[in-house]
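Numbering (the working numbering), first residue to last: 145 to 293.
Using N, Cα and C, we set each Cβ at its ideal position, and we do this for glycine too.
Since the structure comes first, as structure tokens, the remarks are kept for the end.
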């Protein structure tokens with residue numbers, strides 16, 4: 145067997161919280177199954193476009209995927225590198241995440257067709273996320289919110 149080709153890229157996303165209801169936003173992908181055979185449940189994120197800052201990319205990707213706008217970035221949650229294999233390729237993704245607050249009157253549009261929005265309590269969100277790397281972002285966000293109180 146030959147070596148897999150490697151694809152490296154940068155991504156940015158957000159942990160979006162509703163402070164009034166103490167819930168966080170996850171996205172369910174009904175038509176993409178995770179390793180457990182269940183529909184993937186993820187945090188919103190996507191590629192950083194050329195010329196875009198990490199913050200700009202995070203806001204754009206979260207808005208595109210969730211349909212929410214008017215989000216406020218309240219903390220930089222940092223970076224991590226994630227490696228995974230998918231469709232005969234090895235991926236190396238440098239991720240940046242931000243803690244975002246959805247104002248109660250935030251304009252909303254439907255999420256992208258592939259996603260369903262789930263507003264969940266922190267503990268349930270941690271349990272339902274498909275991938276451990278994304279659970280780490282949620283843990284970081286929760287620590288930041290605990291310090292802000």
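| Item | Value |
| --- | --- |
| Can you tell me which residues form a DSSP beta bridge with residue 238? | 154, 225 |
| Once DSSP output is grouped into helix, strand and coil, what is the label at residue 271? | helix |
| Take the Cβ of residue 259 as the centre, count every other Cβ of all protein chains shown within 10 Å, and call the residue buried at 16 or more, exposed below. | buried |
| Look at the Cβ atom of residue 188, then the Cβ atom of residue 158, and state whether they are nearer than 8 Å. | yes |
| Would you decide whether residue 281 is buried or exposed? Buried here means 16 or more other CB atoms lie within 10 Å of its CB. | buried |
| Short check: CB of residue 169 to CB of residue 263, under 8 Å? | yes |
| As a quick exercise: from 290, 164, 279, pick the residue whose alpha carbon is nearest that of residue 250. | 164 |
| Identify which residue in 244, 292, 154 has its Cα closest to the Cα of residue 217. | 244 |
| For the alpha helix (DSSP H) containing residue 215, list its first residue and its last residue. | Looking at the DSSP string, residue 215 is not in any alpha helix (DSSP H), and its letter there is neither H nor E. |
| Report the residue ranges of all beta strand (DSSP E) runs contained in full by the segment 153-192; include only those spanning at least 3 residues, in chain order. | 167-177, 183-186, 189-191 |
| Take residue 150 and list the residues in its own chain whose beta-carbon comes closer than 6 Å to its own, dropping the five residues that flank it on each side. | 234 |
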